[in-house]
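In what follows, a structure is listed as structure tokens, so that the remarks can point back to it.
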Amino acid sequence: KPLPLKDNSVDIVLSFYSLEHLYPFQPYLDEINRVLKPNGILAGAIPAEGGFGWGLGRYLTSRRWFKKNTSIDPDKIICWEHINFCDHIIQQIERIGFENKSMNFLPFTKLKNRDLNLVSSFIYEKKG
Numbered sequence: 118k119p120l121p122l123k124d125n126s127v128d129i130v131l132s133f134y135s136l137e138h139l140y141p142f143q144p145y146l147d148e149i150n151r152v153l154k155p156n157g158i159l160a161g162a163i164p165a166e167g168g169f170g171w172g173l174g175r176y177l178t179s180r181r182w183f184k185k186n187t188s189i190d191p192d193k194i195i196c197w198e199h200i201n202f203c204d205h206i207i208q209q210i211e212r213i214g215f216e217n218k219s220m221n222f223l224p225f226t227k228l229k230n231r232d233l234n235l236v237s238s239f240i241y242e243k244k245g
């Protein structure tokens, strides 16, 4: 369902830890693109899921706890919950013409590598 906003009417869209949950992803991204003004900003953060660091972190923390304390299969929940991996989200944002203005990684900020971190934060500008 379209947002109740006019085309090219929004200066900034903030999205923190939500893009990885959207299915199908492309219509949501198209809607963000539709409402953002030329030179508007898409800023947010997503888990660096799909990368080594994120997988290791999940394995050593919540996955281990789930296996020990519940009968829930944590791998199934993650597959259901996080439909879009980090690389896919970034590729789709850039594919529709957003320009990367800033990309940061946590917790290893000096390692500019999505694969070795847990979170990717970003600022993209819609090309005018």
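Following the numbering used here, the numbering of the sequence shown begins with 118 at its first residue and continues without gaps.
Ideal Cβ placement from N, Cα and C applies to all residues, glycine included.
Nothing here was measured: the structure is a model prediction, and the numbers come from that model.
Continuous beta strand (DSSP E) stretch holding residue 155: start and end: 153-164
Can you tell me whether residue 225 is helix, strand or coil according to DSSP? coil
Let me make sure I understand the geometry here. Which of 182, 123, 231, 133 has the alpha-carbon closest to that of residue 163? 133
Residue 126 classed as buried or exposed, judged by whether at least 16 other C-beta atoms fall within 10 angstroms: exposed
Simplified DSSP state of residue 179, which is helix, strand or coil: Secondary structure at residue 179: helix, using DSSP grouped into helix, strand and coil.
Is it true that the CB of residue 157 sits closer than 8 Å to the CB of residue 129? yes
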